[in-house]
Amino acid sequence: QAEDGIRDVERSRGLGDVYKRQFLEIPSKTLEFALYHFKKHNVSPKIIISDGSPFVLKENYDAIIALDVLEHLKEPIIYLEELAKHLNPNGLMFIEAVFKQDKQHPMHLKENEKYAQIFDKIMSDLGFKKIANITWRKIR
Numbered sequence: 009q010a011e012d013g014i015r016d017v018e019r020s021r022g023l024g025d026v027y028k029r030q031f032l033e034i035p036s037k038t039l040e041f042a043l044y045h046f047k048k049h050n051v052s053p054k055i056i057i058s059d060g061s062p063f064v065l066k067e068n069y070d071a072i073i074a075l076d077v078l079e080h081l082k083e084p085i086i087y088l089e090e091l092a093k094h095l096n097p098n099g100l101m102f103i104e105a106v107f108k109q110d111k112q113h114p115m116h117l118k119e120n121e122k123y124a125q126i127f128d129k130i131m132s133d134l135g136f137k138k139i140a141n142i143t144w145r146k147i148r
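Residue numbering for the sequence shown is 9 to 148, as defined by the working numbering.
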């Protein structure tokens with residue numbers, strides 16, 4: 009039943025049941041929280057645990073979702089480049105990133121604010137075309 013609930017959330021986001029779900033996480037309180045809730049609801053997704061390096065992916069994907077992640081990383085472009093390598097042709101990357109540190113976002117890295125104005129160009133240079141507000145399609 010919990011699995012159906014997760015599918016319902018994914019359907020509402022347009023992902024449906026066709027995607028194999030995997031999570032890439034670093035050891036953290038957030039990971040502990042997620043593991044607790046997965047266990048509580050008898051959900052067993054594949055979780056790839058990283059040491060903080062983006063270079064742990066071995067498979068290619070049709071879609072990659074990175075919501076509120078990049079603004080916390082010291083070198084977000086290195087991560088984007090690595091994720092792009094593991095996205096199938098015409099694959100979709102859903103990215104939401106607020107490159108600003110303020111009272112509302114105190115954990116965002118100040119040094120990443122430089123990406124706010126040039127993020128679209130970075131994605132274009134990586135071979136993506138913006139097709140919606142937070143959605144990018146790999147075109148090369």
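All C-beta atoms, glycine included, are put in the ideal place defined by N, C-alpha and C.
Practice item. Counting only the same chain and skipping the five closest in sequence on each side, list residues whose C-beta sits under 6 Å from that of E18. Key: Here residue 18 refers to the residue found at position 10 when the sequence shown is read from its first residue. Note on E18: pLDDT 39, under 50, position unreliable in the model; no value is reported.
Exercise for review: Can you check the region 77-127 for any beta strand (DSSP E) of at least 3 residues that lies completely inside it and give the ranges in chain order?
Suggested key: 95-104
Review point. Along the chain, where does the beta strand (DSSP E) that runs through L32 open and close?
Key: Position 24 of the sequence shown, counted from the first residue, corresponds to residue 32. 30-33 is the span of the beta strand (DSSP E), which, as asked, contains L32.
Practice item. With DSSP collapsed to three states, give me the class of A140. Key: Taking the first residue of the sequence shown as 1, we reach residue 140 at position 132. Strand.
Check your understanding: Would you say the region 63-83 touches the region 36-43, given that touching needs at least three Cβ pairs under 8 Å?
Key -> no
Exercise for review: Can you give me the Cβ contacts of V106 inside the same chain, cut-off strictly under 7 Å, excluding the 5 residues immediately before and after it?
Suggested key: Start at 1 with the first residue of the sequence shown, and residue 106 comes out as number 98. Taken in chain order, the residues that qualify are E79, H113, H116.
Point to revise | Nonlocal neighbours in the same chain, by C-beta distance under 6 Å from W144, ignoring five residues either side | key: One-based indexing of the sequence shown puts residue 144 at position 136. So the qualifying residues of the chain are M101, M131, F136, K138.
Review point. Taking all protein chains shown into account, do 16 or more other C-beta atoms lie within 10 angstroms of the C-beta of N120, making it buried, or fewer, making it exposed?
Key: Position 112 of the sequence shown holds residue 120. The residue in question, N120, is buried, as its Cβ has 16 or more Cβ neighbours within 10 Å.
**Study point:** Distance cut-off 8 Å: K118 Cβ against heavy atoms of the ligand NAD
**Key:** In the structure on display, the ligand NAD does not appear, and there are no ligands present to speak of.
Review point. Taking K96 as the reference, which of F31, Y44, L43, I147 has the closest Cα?
Key: For the purposes of this step, residue 96 is identified with residue 88 of the sequence shown, where counting begins at 1. Note that residue 96 is Asn in the sequence shown, not Lys. Nearest of F31, Y44, L43, I147 to N96, Cα basis: I147.
Point to revise | D133 in three-state terms, based on DSSP | key: As a working note, residue 133 is residue 125 in the sequence shown. Correct three-state label for D133: helix.
Review point. Under the DSSP definition of a beta bridge, which residues are partnered with I73?
Key: Within the sequence shown, residue 73 is the residue found at index 65, counting from 1. Its beta-bridge partners are F102.
Check your understanding: So which of I142, K118, K47, L32 has the shortest CA-CA distance to E67?
Key -> In the sequence shown, counting from the first residue as 1, residue 67 sits at position 59. Closest option to E67, Cα to Cα, is L32.
Point to revise | 6 Å CB neighbourhood of L65 in its chain, flanking five on each side removed | key: As a first step, residue 65 is located in the sequence shown; it is residue number 57 there, counting from the start. Hits under 6 Å: H94.
Exercise for review: Reducing DSSP to helix, strand and coil, say where K47 ends up.
Suggested key: The residue labelled residue 47 in the question sits at position 39 within the sequence shown. K47: helix per DSSP, three-state reduction.
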